[in-house]
Amino acid sequence: MGKALSKKIVMLRESVAMALDNIRSNKVRSFLTLLGIMIGVMAVITLITTVSGVSGTISSSFSSMGVGTLTVSITGSDLKTGVTPEDLNVISALELVDGVVPTVSLNGRVSYGRNVQTGKTVSGKNSYYFVQNPDMILQGRSLNFIDDDNRSYVCVVSQAIVDEFFLGINPIGETLYISGLPFTVVGRYEEDSGGGVASIFSGSADILIPYTTAMQVNNSDEVTSFTVYLTAGADSSAAQEEIEDAMDKLFDYEEDCFTVSSMETIEDTMTTMTTMMSSLLAGIASIALLVGGIGIMNMMLTTVTERTAEIGLKKALGAVPGQIQAQFLLESFLLSMIGGLLGVVFGLGLSLILCQVLGTSFVFNASAVILGVGFSAAVGVIFGWAPARKASRLNPIDALRAV
Amino acid sequence: MRDEVFFRMREIDKIYPLEGEDVHALKKVSLDLDEGEYLSVLGPSGSGKSTLMNIIGCLDTPTSGEYVLRGREVGDLEEEELAALRNREIGFIFQNSQLLPRLTARKNVELPLVYAGIRPRERKVRAEAMLERVGLKDRMDHLPSQLSGGQQQRVAIARAMVGNPSILLADEPTGALDQKTGAQIMELFQELNDEKRTVIMITHDMKIASHARRVVHIIDGELSEDPQWGESPQTVPQSRQASSAVQSRADRDCGELSEGGEPHG
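These protein sequences, in sequence, are chains S and R.
For the first sequence, counting from 1, position 393 maps to 393 in the working numbering; every step adds exactly one.
For the second sequence, counting from 1, position 120 maps to 120 in the working numbering; every step adds exactly one.
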């Protein structure tokens, strides 16, 4: 029993050496063949890692916004397209509501002296926003209720804006022009999460101004989107009902004027979406693996034909069909595995770069690596099977004659 | 060797089924061989000598008849058992040495030992000893392409002998060599036979065949002993018969080596 096992080990070692030697002996062909697998695995790893990085960043920014908030978006009716500051006071006064933060967006053309920048996000918020984010301001002051009431032309700017406009200058007290109107900088704040993709979802902005001022600049007296902060320990669905009742009253019980959604439901939707997206992308990427497998099969069939004489000789010297089959199967397996491992390395590298570009955090996804390696192993065995079987079944007499 | 049969063929037939008609490659071939004999099988191409070689070498099994090698009935064996038998009992030497081009001389010689499951260290020692025996001590790490035709054939002979098989089975071993190198190879076979190794040589060349101590002719799938080299030291069970190529058709239809009969008029 032990003898048979040691004989098997001797054979396996020899087969691995022979397979590697054969892969090496035909470098260009082997490389082109394993390139197919490499690209497939690389695509799978990159897509899964990047998508999970994006969704990880999104959900962490959701949870940083905290539970205990509800978002109200207003589509409005023919008579009433949004809510007024007075309406917001009604919502604020509800039993389960601690406060509301309206969001009014401006299309930002921002200039300071001769420095003109477009595409900046300028967002109107109220003083309650700074009550909820007390540690935000690094320098100067936050926007307060006096600014809200007076429609003051003041702003607080993010570190990114300071870097762009006020390098080496104390920004406090400087005048910044937003949509052509002068705003006095009163404070500087640190953005919580880097910008990029995350900023779209976290609602972070480059410049914050009083929402009342933003409404005036927009020539509007209504708000179409606001966030409701609930009282500590309030039940989210009870609060949602309370807010919906109040909103119904404000919109005269007309249908479909607004939606109230909790962060949890948005997060759930996002998670479902990203999961679907990543499995769809992985499915597409695995087509590349399939094509790579066909490449391996093609090469192995060619190899078997080319090495017919060698197979015949080995059989004459006492190789049993199983050993011949194992040799060729091992060759396609190793070829595919080399491709797979290279694919993992390049895939991780590429996703690292992509995460940098997208500004999301890189999360090492072990299951993607296991999937990639497992897939390439399976491809090697499945597509190597038929050629190896063909080799093992060659009649040694015919094979020897093929010289 | 106790009392097991070393080599016995009885009424071997080999028929290849082809479209339309079957090809009768071997007809009632009988042959006995003792250990240490040096036998040539002489025949023109298409005579069935390759078929006979394949059956002797356990690459193929007879359609009917009995072939016993070292006490084992070859016709009953499965593919795996045939492979093991080839590995243990047969040392093949082919016309064009058939070395694997990417392996060194030593690695080529080690190959049969790989399939016998021998450990690397022992393989190396045995392969080196064999290469030394065939006079290639200083060529062990050369690739086949770095060796001359004669040297390649010596490597092939070392490979055939390394597993210590019962029979060295050579198929036109000098066919691809010039005369001088061919003569050296024939000398080597003679020496190996003097060392009590059993040699069977398949050839179409009368001169090459004449190196053997015993010659059998094969024509049209029928085997007959050549009386010229009849003085083999071993006693062959059946008496050898003065058959030749001019033997009558009727006699040939009988097929086997007929027991002491005179050719029919």
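Where is the CB? At the ideal position from N, CA and C, for every residue including glycine.
For Glu128 (chain R), no chain S residue has a Cβ inside 9 Å of its Cβ, as the nearest lies near 18 Å away. Boundaries of the beta strand (DSSP E) around Ile167 (chain R): 167-171.
Given a length threshold of 3 residues, each whole run of the beta strand (DSSP E) inside the region 238-299 of chain S is given here in chain order: 258-262. Note that the region 98-118 of chain R does not touch the region 341-350 of chain S; fewer than 3 beta-carbon pairs, one per stretch, sit closer than 8 Å. Between Leu313 (chain S) and Gly40 (chain S), the C-beta spacing is not below 8 Å. Nearest to Ile172 (chain S) by alpha-carbon distance, out of S:Leu281, S:Thr184, S:Ser179, is S:Thr184. Under the 8 Å Cβ criterion, the region 69-78 of chain S does not count as touching the region 108-118 of chain S, having fewer than three qualifying pairs. Inter-residue distance for Asn144 (chain S) and Tyr128 (chain S) is about 8 Å (C-alpha atoms, whole angstroms).
Beta-bridge analysis with DSSP links Phe166 (chain S) to no other residue. Take Pro165 (chain R), set aside five residues on each side of it, and the residues of its chain with a beta-carbon closer than 8 Å to its own are Arg88, Glu89, Ile90, Gly91, in chain order.
With fewer than 16 neighbouring CB atoms inside 10 Å of its own CB, Met276 (chain S) falls in the exposed class. Taking 8 Å as the cut-off, the Cβ atoms of Thr224 (chain S) and Ser59 (chain S) do not count as close.
Shown here, Ile12 (chain R) sits in a strand according to DSSP, grouped into three states. No beta strand (DSSP E) of 3 residues or more sits fully in the region 3-33 of chain S.
Beta-bridge partners assigned by DSSP to Asp32 (chain R): R:Arg8. One Cα belongs to Leu176 (chain S), the other to Pro182 (chain S), and the distance between them is close to 6 Å.
Annotation: Asp60 (chain R) to Ala183 (chain R) spans about 31 Å, alpha carbon to alpha carbon. Cys58 (chain R) carries a coil assignment under DSSP once its states are collapsed to helix, strand and coil.
Excluding residues up to 5 positions away in sequence, Glu164, Phe165 lie with their Cβ nearer than 8 Å to the Cβ of Asn115 (chain S) in the same chain.
Taking a Cβ-Cβ threshold of 9 Å, none of the residues of chain R is close to Asp268 (chain S); the smallest such distance is about 60 Å.
Taking the CA atoms as reference points, Ala285 (chain S) sits about 15 Å from Leu350 (chain S).
DSSP places Gln95 (chain R) in no beta strand (DSSP E); its state is neither H nor E. Counting C-beta atoms within 10 angstroms of its own C-beta, Glu225 (chain R) has 16 or more neighbours from the protein chains shown and is therefore classed as buried.
For the region 310-337 of chain S, the set of positions with a beta-carbon nearer than 8 Å to some beta-carbon of chain R reads Glu310, Leu313, Lys314, Lys315, Ala316, Leu317, Gly318, Ala319, Val320, Pro321, Gly322, Gln323 in chain order.
Across the set R:Pro44, R:Ile15, R:Gly20, R:Ile202, the C-alpha of R:Ile202 shows the shortest separation from the C-alpha of Gly57 (chain R). In the DSSP assignment, Lys120 (chain S) falls outside any alpha helix (DSSP H) and within the unbroken beta strand (DSSP E) covering 115-125.
Taking 8 Å as the threshold, the shortest C-beta distance from Val10 (chain S) to chain R falls below it. Where Gly340 (chain S) is concerned, the enclosing alpha helix (DSSP H) starts and stops at 321-358. In this structure, Tyr189 (chain S) and Ser152 (chain S) do not form a Cβ contact; the two beta carbons are roughly 17 Å apart against a cut-off of 8 Å. Close partners of Leu100 (chain R) in chain S (Cβ separation under 9 Å): Glu310, Leu313, Lys314.
The continuous stretches of alpha helix (DSSP H) do not include Leu106 (chain S), which lies in the beta strand (DSSP E) extending over residues 104-112. Proximity to Glu14 (chain S) across S:Ile324, S:Thr360, S:Thr57, S:Leu342 peaks at S:Ile324, based on C-alpha coordinates. Residue burial annotation: Gly180 (chain S) is exposed, with fewer than 16 other C-beta atoms found within 10 angstroms of its C-beta. For Leu18 (chain R), DSSP records no beta bridge to any residue. When Cβ-Cβ separations below 8 Å define contact, Ser30 (chain S) makes no contact with chain R. Per the DSSP secondary-structure output, Ser224 (chain R) pairs in a beta bridge with R:His217.
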